[in-house]
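Accompanying notes for the structure given below.
In this note's numbering, the protein residues as written are 11 to 167.
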């Protein structure tokens, strides 16, 4: 819920998990066709766009007409950039590298069938999802606070 007690469907319900679809696609990349991995990115990207549009619309409705377009545009863009990096780009790359790295290490270090190595690496990728979420969120917040959000403050004056 936000400060007013209003439930945000994109943040406070099961819909939030759609933003993580690409992490599952990356974890299962070695087991499914590439089209499934691409579909997982499509689902995550649709979630990001829907959240950005919803945020922009909510700000538009709550803002005086003279400021509505500018403020809603800035709010929607902020969510779009944040979600793109925190939900899709950085986690997708991270999970991809965890799975690829663990596959590489296992292939070089122990003699087990490749199918088992792929499943162990997939499980490593899946188990890392809850561990990486908060640090990535904080990193994206910090980066945006020290870059693009400073521009918003200039525009807001």
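Just so you know, even glycine gets a beta-carbon here, dropped at the ideal spot from N, CA and C.
Coarse secondary structure for residue 120, derived from DSSP in three states: Taking the first residue of the chain shown as 1, we reach residue 120 at position 110. The answer is coil: DSSP assigns residue 120 none of H, G, I, E or B.
Does the contact criterion of 3 or more C-beta pairs under 8 Å hold for the stretch 136-143 versus the stretch 75-94? no
Going straight from the alpha carbon of residue 82 to that of residue 70, what length do you get? Counted from its first residue, the chain shown places residue 82 at position 72. Counted from its first residue, the chain shown places residue 70 at position 60. Straight-line Cα distance between these residues: approximately 5 Å.
So what does DSSP say about residue 38, is it helix, strand or coil? The sequence position of residue 38 within the chain shown is 28, counting from 1. Three-state result, residue 38: coil.
Assigned exposure category for residue 114 - 16 Cβ within 10 Å defines buried: Here residue 114 refers to the residue found at position 104 when the chain shown is read from its first residue. That one is exposed.
Pick from 124, 25, 154 that is closest to residue 92, judged by C-alpha positions: Numbered from its first residue, the chain shown carries residue 92 at position 82. The residue with the shortest Cα to Cα distance from residue 92 is 154.
Hey, residue 33 and residue 101: beta-carbon distance below 8 Å or not? Reading the chain shown from its first residue, position 23 is the one you call residue 33. Reading the chain shown from its first residue, position 91 is the one you call residue 101. Between residue 33 and residue 101, the CB-CB gap stays under 8 Å.
N- and C-terminal bounds of the alpha helix (DSSP H) containing residue 46: Within the chain shown, residue 46 is the residue found at index 36, counting from 1. Looking at the DSSP string, the run of the alpha helix (DSSP H) that includes residue 46 is 44-72.
Of the residues 128, 40, 49, the one placed nearest residue 29, counting alpha carbons only: Taking the chain shown and counting its residues from 1, one reaches residue 29 at position 19. Closest by alpha carbon: 49.
Does the beta-carbon distance from residue 138 to residue 116 come in below 8 Å? Within the chain shown, the letter at position 128 stands for residue 138. Within the chain shown, the letter at position 106 stands for residue 116. Going by C-beta atoms, residue 138 is not nearer than 8 Å to residue 116.
Roughly how many angstroms lie between the CA atoms of residue 38 and residue 23, to the nearest whole one? For the purposes of this step, residue 38 is taken as the residue at position 28 of the chain shown. For the purposes of this step, residue 23 is taken as the residue at position 13 of the chain shown. Near 25 Å, if we compare the C-alpha coordinates of residue 23 and residue 38.
Residue 162 versus residue 25 - alpha carbon distance: Counted from its first residue, the chain shown places residue 162 at position 152. Counted from its first residue, the chain shown places residue 25 at position 15. So the two alpha carbons sit approximately 28 Å from each other.
Distance between beta carbons of residue 56 and residue 90, contact taken as under 8 Å: Sequence index remark: in the chain shown, residue 90 carries index 80 (1-based). Sequence index remark: in the chain shown, residue 56 carries index 46 (1-based). The distance from the Cβ of residue 90 to that of residue 56 is about 12 Å, inconsistent with a contact at the 8 Å cut-off.
C-alpha distance - residue 112 paired with residue 127, whole-angstrom precision: In the chain shown, residue 112 corresponds to position 102, counting from 1. In the chain shown, residue 127 corresponds to position 117, counting from 1. Their backbone Cα atoms lie some 8 Å apart in a straight line.
Out of 18, 134, 59, 85, which one is the CA nearest neighbour of residue 107? Your numbering for residue 107 matches position 97 in the chain shown. Of the candidates 18, 134, 59, 85, the one whose C-alpha sits nearest the C-alpha of residue 107 is 134.
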